[in-house]
Amino acid sequence: IRQEETIIFALIERAQFPANEAAYTRDHPAFSRVLGGAARTFLDHMLLEHERLHARVARYAAPEEHAFFQGLLPAPAVQPRASKGPLHPNAVNVNDQIKA
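This is the structure we're talking about:
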């Protein structure tokens, strides 16, 4: 949970000072080589690649973990650890609100 808080806090802090508008603009020419024709922002691309790495090591197999790009992630390359689940089961997922 601490890692998510750190990521969310960093995104909030960064959003206060949008110094690089190109990073938040979909299909910006400055990042066309990196994005390879994908219709997304550079920020989304970086987040997706980060989540792909974490998905390979079974991070999102835990019930309390929610990826922003759930449908684009690979299957885990390692056996997920047995989990007893969160301390208090819930269905909270505010990812769509965070990126809005």
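Be aware that the sequence shown starts at 823, since it is given in the numbering used here, and climbs by one per residue. Glycine residues also receive a C-beta, built at the ideal position from the N, C-alpha and C atoms.
Please classify residue i as buried or exposed, where buried requires at least 16 other C-beta atoms within 10 Å of its C-beta.
i    : result
F864 : buried
A877 : buried
F853 : buried
A889 : buried
Would residue i and residue j qualify as a contact pair, given that the criterion is a beta-carbon distance under 8 Å?
i    : j    : result
R874 : P851 : no
L857 : I920 : no
L894 : L869 : no
DSSP on residue i, reduced to helix/strand/coil?
i    : result
A883 : helix
F891 : coil
K921 : helix
V856 : helix
H910 : coil
P851 : helix
Could you tell me the alpha carbon to alpha carbon distance between residue i and residue j, rounded to whole angstroms?
i    : j    : result
A880 : A844 : 32 Å
R836 : I830 : 10 Å
A883 : P902 : 6 Å
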